[in-house]
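Residue numbers (UniProt numbering), protein chains in the order written: chain A, 1 to 367; chain B, 1 to 659.
The beta-carbon is built from N, C-alpha and C at its ideal position, and this holds for glycine as well.
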Amino acid sequence: MRIHRALTRRGALGLMGGALAMALAVPAAAEVSFEGKTIEWIIPFSPGGGSDTWARFNAPFLSKYLPGQPTVVVVNEPGGGSTKGANLFAARARPDGLTIFGTSGSTQFPYLLGDPRVRYDYQVWEIVMASPTGGVVYTSPSTGVSGASDISKLAGQQLVYASQGATSLDLVPLLGFKMMGLDVQHVFGFKGRGDGRLAFERGETNIDYQTSSGYIKNVQPLVDAGTAVPLFSWGALDADGNLVRDPTFPDLPHFGEAYEMLTGKAPSGPEYDAYFAFFTAGFPAQKMVFLPEGTPKEIVDAYQAAVEAMKQDPEYQATKEAVLGTYEQVTGPAAAALFRKGTTIAPETRQQVVEMLAAEYDVKLGD
Amino acid sequence: MFETLIAAFTALVTVEHLAYMLLGVSVGLVIGVIPGLGGIAGLSLLVPFLYGMDPISALGMLIGLVAVIPTSDTFASVLMGIPGSSASQATVQDGFPLARQGQAARALSAAFISSLFGGIVGAVILTGFVLVARPIILLFGSAELFMLALFGLSMVAVLAGRSLPKGLAACAVGLVIGSIGAAPATGEFRMVYDVDYLYDGIPLVIVGLALFAVPEIADLLRKNAAIAERNTLGTGWFIGFRDWFNNIFLSIRCSSLGCLIGAIPGLGGSVVDWIAYGHAVQTAKDKSKFGKGDIRGVVAPESANNAMQGGAMLPTVLFGIPGSGSMAVFLGGMVLIGIEPGPSMVGTDLNVTYSLIWSLALANIMGAGICLALAQPISRLTSIPFRFLAPCMIALICFAAFQATRDLADLVALLVIGVLGILMKRFGWPRPALLIGYVLAPQAETYFYQALQFNGWEFLTRPGVIIIGLLTLASVWYGLRSRVDDTGPTGDVVTTSHASRNLQIGFAVAMIGFFGIALWDATHHSFLGQVFPLGVAAVGLLFAAILLWHLWSGHEDHPAFFDYEVIGDHVGKEGTGWLWTGPLWLAGLVAATALVGFYAAMIGFFVVFLRVRAQASWGTTLLMTACAALFLLGLAWLLNLNFPRGLAQDMFDLPWPFR
Numbered sequence: 001m002r003i004h005r006a007l008t009r010r011g012a013l014g015l016m017g018g019a020l021a022m023a024l025a026v027p028a029a030a031e032v033s034f035e036g037k038t039i040e041w042i043i044p045f046s047p048g049g050g051s052d053t054w055a056r057f058n059a060p061f062l063s064k065y066l067p068g069q070p071t072v073v074v075v076n077e078p079g080g081g082s083t084k085g086a087n088l089f090a091a092r093a094r095p096d097g098l099t100i101f102g103t104s105g106s107t108q109f110p111y112l113l114g115d116p117r118v119r120y121d122y123q124v125w126e127i128v129m130a131s132p133t134g135g136v137v138y139t140s141p142s143t144g145v146s147g148a149s150d151i152s153k154l155a156g157q158q159l160v161y162a163s164q165g166a167t168s169l170d171l172v173p174l175l176g177f178k179m180m181g182l183d184v185q186h187v188f189g190f191k192g193r194g195d196g197r198l199a200f201e202r203g204e205t206n207i208d209y210q211t212s213s214g215y216i217k218n219v220q221p222l223v224d225a226g227t228a229v230p231l232f233s234w235g236a237l238d239a240d241g242n243l244v245r246d247p248t249f250p251d252l253p254h255f256g257e258a259y260e261m262l263t264g265k266a267p268s269g270p271e272y273d274a275y276f277a278f279f280t281a282g283f284p285a286q287k288m289v290f291l292p293e294g295t296p297k298e299i300v301d302a303y304q305a306a307v308e309a310m311k312q313d314p315e316y317q318a319t320k321e322a323v324l325g326t327y328e329q330v331t332g333p334a335a336a337a338l339f340r341k342g343t344t345i346a347p348e349t350r351q352q353v354v355e356m357l358a359a360e361y362d363v364k365l366g367d
Numbered sequence: 001m002f003e004t005l006i007a008a009f010t011a012l013v014t015v016e017h018l019a020y021m022l023l024g025v026s027v028g029l030v031i032g033v034i035p036g037l038g039g040i041a042g043l044s045l046l047v048p049f050l051y052g053m054d055p056i057s058a059l060g061m062l063i064g065l066v067a068v069i070p071t072s073d074t075f076a077s078v079l080m081g082i083p084g085s086s087a088s089q090a091t092v093q094d095g096f097p098l099a100r101q102g103q104a105a106r107a108l109s110a111a112f113i114s115s116l117f118g119g120i121v122g123a124v125i126l127t128g129f130v131l132v133a134r135p136i137i138l139l140f141g142s143a144e145l146f147m148l149a150l151f152g153l154s155m156v157a158v159l160a161g162r163s164l165p166k167g168l169a170a171c172a173v174g175l176v177i178g179s180i181g182a183a184p185a186t187g188e189f190r191m192v193y194d195v196d197y198l199y200d201g202i203p204l205v206i207v208g209l210a211l212f213a214v215p216e217i218a219d220l221l222r223k224n225a226a227i228a229e230r231n232t233l234g235t236g237w238f239i240g241f242r243d244w245f246n247n248i249f250l251s252i253r254c255s256s257l258g259c260l261i262g263a264i265p266g267l268g269g270s271v272v273d274w275i276a277y278g279h280a281v282q283t284a285k286d287k288s289k290f291g292k293g294d295i296r297g298v299v300a301p302e303s304a305n306n307a308m309q310g311g312a313m314l315p316t317v318l319f320g321i322p323g324s325g326s327m328a329v330f331l332g333g334m335v336l337i338g339i340e341p342g343p344s345m346v347g348t349d350l351n352v353t354y355s356l357i358w359s360l361a362l363a364n365i366m367g368a369g370i371c372l373a374l375a376q377p378i379s380r381l382t383s384i385p386f387r388f389l390a391p392c393m394i395a396l397i398c399f400a401a402f403q404a405t406r407d408l409a410d411l412v413a414l415l416v417i418g419v420l421g422i423l424m425k426r427f428g429w430p431r432p433a434l435l436i437g438y439v440l441a442p443q444a445e446t447y448f449y450q451a452l453q454f455n456g457w458e459f460l461t462r463p464g465v466i467i468i469g470l471l472t473l474a475s476v477w478y479g480l481r482s483r484v485d486d487t488g489p490t491g492d493v494v495t496t497s498h499a500s501r502n503l504q505i506g507f508a509v510a511m512i513g514f515f516g517i518a519l520w521d522a523t524h525h526s527f528l529g530q531v532f533p534l535g536v537a538a539v540g541l542l543f544a545a546i547l548l549w550h551l552w553s554g555h556e557d558h559p560a561f562f563d564y565e566v567i568g569d570h571v572g573k574e575g576t577g578w579l580w581t582g583p584l585w586l587a588g589l590v591a592a593t594a595l596v597g598f599y600a601a602m603i604g605f606f607v608v609f610l611r612v613r614a615q616a617s618w619g620t621t622l623l624m625t626a627c628a629a630l631f632l633l634g635l636a637w638l639l640n641l642n643f644p645r646g647l648a649q650d651m652f653d654l655p656w657p658f659r
């Protein structure tokens with residue numbers, strides 16, 4: 001009797017639960033529409049930086065193509081080198097499509113390095129799109145180098161590089177130069193790549209890199225004037241994830257080619273794996289847009305369709321180059337592939353990088 | 001060349017362009033009036049409207065906004081003693097005492113005319129300077145920037161107050177606070193004790209508000225009077241103009257200084273007002289009134305901070321390196337319009353650069369004109385009984401404070417440093433000295449390390465370093481000769497300050513303890529991470545120890561003794577309340593925020609404060625509360641911001657704005 005009653009109660013609960021699930025499922029199964037809603041796009045940086053400008057450029061187009069044409073607002077949550085905003089998103093965003101998150105290499109790197117401030121997990125998020133970027137490494141003619149093919153002249157020379165910090169995006173040149181066997185003194189504490197370029201122009205450093213748009217606008221004139229010599233681009237990834245020449249700089253060798261010129265062999269091994277993980281997180285998958293954990297498939301699909309449509313918008317195509325550079329915004333399976341590559345690292349590779357940073361640069365993650 | 005100038009000018013003076021600029025100026029004025037909201041918030045408001053605008057009009061709008069913020073932020077600095085933005089901290093020093101003497105309209109007028117003039121001088125200098133700026137800016141390497149940071153620190157000499165060890169110890173406290181967070185050379189985190197908030201260091205807004213606004217509110221809340229103690233609001237407009245005209249050369253010097261410091265990327269504009277203030281004191285003959293309402297203390301920083309915005313534009317457009325926080329957003333706006341900064345801005349796009357510079361001058365004229373017209377009506381605020389103004393001011397500084405990181409921790413930091421500020425004011429520790437140390441600590445440390453890395457110790461022999469070094473020595477020399485005392489009345493009163501000797505010794509010992517903590521923390525880091533905090537804490541410890549010795553064994557009239565609670569002009573007056581009333585109200589608001597979130601807490605705070613403290617009728621209480629609530633709601637809606645959350649928000653899913 002007792003058992004029977006318990007069963008009926010459980011049955012009743014089950015029924016109620018089922019009804020509730022159905023009630024919840026109905027709006028989701030129906031056409032997704034954000035009509036009259038406001039979507040918050042969390043950017044974990046202050047207004048005015050690269051990520052903020054990127055989001056503010058994309059926001060009105062996203063708004064135009066999302067179903068129901070919701071208002072998309074950019075909400076800045078700076079702090080902790082972008083870990084604060086990411087933690088907030090991970091802890092608070094609900095899977096209703098009304099909160100999205102824009103990351104940058106500075107969000108990926110602490111995650112890859114195992115920074116104790118990181119309380120977010122990329123693997124549970126749903127990717128909407130990825131925005132790649134590239135960069136070009138150049139040197140001063142005072143090194144005796146007069147073109148990309150001269151790179152071997154750098155071997156054995158004392159080079160100086162203005163860095164934003166060993167765990168910042170400048171970890172990519174740090175690992176890259178080290179692999180190439182270049183003797184580079186990294187001077188830390190610079191506020192951005194622009195700040196670093198200024199040090200190069202003042203003659204305080206003799207090797208530097210700029211992201212593509214900064215290079216075209218600010219370094220190309222130096223190259224034309226003969227005060228800077230381009231060496232190589234970091235490169236781009238093709239559909240299969242192979243390193244290829246950067247489409248913006250087809251005449252420049254990519255990192256792999258430059259490595260081969262210097263050492264005589266193609267890059268490989270654990271050191272290259274470490275470099276490649278951070279390179280992917282810092283360049284081809286630098287900026288990504290995510291929906292929170294558990295977002296229904298319909299909403300993810302609606303977002304991906306909106307981004308696809310947005311890419312075809314003639315106004316978007318006409319204006320994007322000035323803001324985003326020449327790179328194609330990546331969606332669908334290609335974005336998922338970049339996302340995987342840019343957010344996964346083998347534990348032993350991580351260990352190796354962390355130990356190297358601690359031994360050579362006194363870097364302690366966290367306290 | 002001439003054609004470029006003409007082309008730039010004709011593009012500028014079209015009705016459409018002027019209308020957009022006026023729009024930018026109006027938004028800038030409103031944003032600037034609200035403490036804590038600066039160019040960053042204003043530009044974020046305007047950026048969505050940039051699409052499809054003609055670039056010159058769009059730039060005019062952005063420039064209009066950026067240019068007038070250091071003009072209108074003076075309202076809060078002068079009328080309420082709340083530093084409207086980091087560019088107006090020094091204005092508080094003499095502007096607020098003038099307001100308390102009932103001369104708010106005079107101080108405001110002098111400030112606005114100085115702002116106007118500074119903006120124009122800045123534009124004139126830039127018109128010529130922009131052509132040669134690139135090579136000159138490139139002359140300032142890390143070594144020169146380090147020397148400039150030292151030059152800024154030399155202003156401590158003049159602002160150290162009556163007791164030099166006390167002033168230098170205060171500066172060292174600032175240097176230690178400024179070194180909290182990541183070390184520039186190694187990225188090690190110093191003095192963070194696993195508190196997430198401290199990893200980024202304590203924001204400047206918080207330190208400025210806590211040191212200057214909180215002690216004033218505490219002071220005002222004890223009295224039931226209005227801010228203006230004497231009622232001579234009068235016709236300040238003409239007097240203000242005359243005040244400025246009498247100091248026109250000071251104004252010119254400070255504008256030029258501001259423009260040049262703004263143009264050098266890396267030093268940042270946040271000390272430019274203090275450098276100008278220090279310069280005014282150094283060059284004045286009669287210095288006795290500084291800190292107590294000397295109009296020159298208003299003219300100097302206000303001339304400099306508007307000119308600084310013009311200077312800060314140069315590295316932004318020439319190198320793509322923002323010279324200040326609002327310039328960072330301006331840069332983002334430029335990119336959205338499709339204008340890329342770079343060498344072409346002095347080449348093919350020179351006309352754009354010129355229209356930027358002259359837009360700046362025009363915007364300054366518009367902004368200062370509007371502010372001048374408003375100065376007199378708005379200065380009547382100072383005759384409202386403070387108990388009605390107080391809840392608005394407390395809500396306002398909290399709102400300003402959480403703009404820093406939009407976190408409850410901002411309010412807690414405001415409260416903690418606010419208590420330090422109150423004690424410093426009471427015991428005559430110079431707060432400007434602490435602020436200068438705090439602002440320049442990261443710069444001094446970063447550039448020193450970089451200079452050593454790039455040049456080795458030979459950096460000391462660079463001509464630029466030697467020149468700035470000599471300037472610094474001259475500044476220290478003049479400074480020590482003419483130290484200003486911002487700590488209240490002098491004369492025979494010093495003797496009586498001796499009465500609270502034990503309390504003063506207690507505070508000095510507490511500061512020694514703080515240096516001890518810093519030293520202990522520093523020993524846990526690598527050489528590059530520890531050397532700066534170790535050095536400044538050791539220096540601080542030395543001067544605090546000297547001070548302690550003075551307090552321990554000094555004669556009754558030793559200048560080290562100071563206690564505002566013994567010699568302040570409020571002492572013995574009837575109706576003077578307890579010193580800690582104000583901080584307790586603030587603490588109540590912070591505690592309530594931790595429970596129910598800021599918005600709900602603020603509404604409750606208004607009702608309780610007005611009923612209990614101000615003893616207002618229910619009608620007045622509800623009306624004022626509703627106005628304040630609507631005002632904050634409107635701001636939050638415009639700026640897309642969520643208020644700091646409390647426990648309630650973590651447990652329940654509440655609708656915005658309670659979310």
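Which residues bound the alpha helix (DSSP H) around T139(A)?
Here T139(A) belongs to no alpha helix (DSSP H); instead the beta strand (DSSP E) covers 135-139.
Name the residues in the region 179-210 of chain B whose C-beta lies less than 9 Å from a C-beta of chain A; which are they?
A182, A183, P184, A185, T186, G187, E188, F189, V192, Y193, D194, D196, Y197, Y199, D200
Is it buried or exposed, Y193(B), if we count other Cβ atoms within 10 angstroms and call 16 or more buried?
exposed
Simplified DSSP state of R117(A), which is helix, strand or coil
coil
At a CB-CB cut-off below 9 Å, which residues of chain A make contact with V439(B)?
Going along chain A, no residue has its Cβ under 9 Å from V439(B), so there is no contact; the nearest lies around 15 Å.
Pull out every residue of the region 28-59 of chain A whose Cβ sits closer than 9 Å to any Cβ of chain B, in chain order.
T38, E40, S46, P47, G48, G49, G50, D52, T53, R56, F57, A59
Would D195(A) count as contacting chain B if we go by Cβ distances under 7 Å?
yes
Spell out a yes or no on whether the region 496-503 of chain B and the region 160-167 of chain B are touching, meaning 3 or more CB-CB pairs, one atom from each, closer than 8 Å.
no
Could you tell me whether the Cβ of Q403(B) comes closer than 7 Å to any Cβ of chain A?
no
Below 7 Å CB to CB, which residues in the same chain sit around F189(B) once its five sequence neighbours on both sides are set aside?
G181, A182, Y199
At a threshold of 6 Å, does P333(A) count as lining the ligand COA (C-beta to nearest heavy atom)?
Among the ligands in the structure shown, none appear at all, so the ligand COA cannot be discussed.
Might you give, ordered along the chain, the residues of its own chain that have their beta carbon closer than 7 Å to the beta carbon of G152(B), omitting 5 neighbours on each side?
V271, I275, I436, L440
Of all Cβ atoms in chain A, is any one closer than 7 Å to the Cβ of G575(B)?
no
Per the DSSP calculation, P655(B) is bridged to which residue(s)?
Note: P655(B) sits in no beta bridge, so no partner.
Quick one: what does DSSP say Q329(A) is sitting in, helix, strand or coil?
coil
Which two residues bound the contiguous beta strand (DSSP E) that contains D273(A)?
No beta strand (DSSP E) holds D273(A); the alpha helix (DSSP H) holding it covers 270-282.
Near-chain A residues of the region 623-651 of chain B - C-beta to any C-beta below 8 Å
N640, L641, N642
To the nearest whole angstrom, what separates the beta carbons of Y161(A) and D208(A), a pair I think is in contact under 8 Å?
7 Å
Through-space distance from G167(B) to L470(B), alpha-carbon basis:
22 Å
Say whether chain A places a C-beta atom closer than 7 Å to the C-beta of P533(B).
no
Taking only beta-carbon atoms, is P314(A) less than 7 Å away from chain B?
no
Less than 7 Å separating the beta-carbons of D73(B) and S86(B)?
no
At a cut of 8 Å, does the region 267-275 of chain A reach the region 338-358 of chain A through at least three beta carbon pairs?
yes
Closer than 7 Å by beta-carbon distance: list the chain B residues that pair up with T167(A), in chain order.
G187
Uninterrupted alpha helix (DSSP H) stretches inside the region 214-280 of chain B (no shorter than 4 residues):
214-221, 236-246, 248-263
So, is V509(B) buried or exposed, given that buried needs 16 or more other C-beta atoms within 10 angstroms?
exposed
Take the Cβ of F399(B) as the centre, count every other Cβ of all protein chains shown within 10 Å, and call the residue buried at 16 or more, exposed below.
buried
Rounding to the nearest angstrom, what Cα-Cα distance links residue 674(B) and Y564(B) in this structure?
The question about residue 674(B) has no answer, for chain B in this structure spans 1 to 659.
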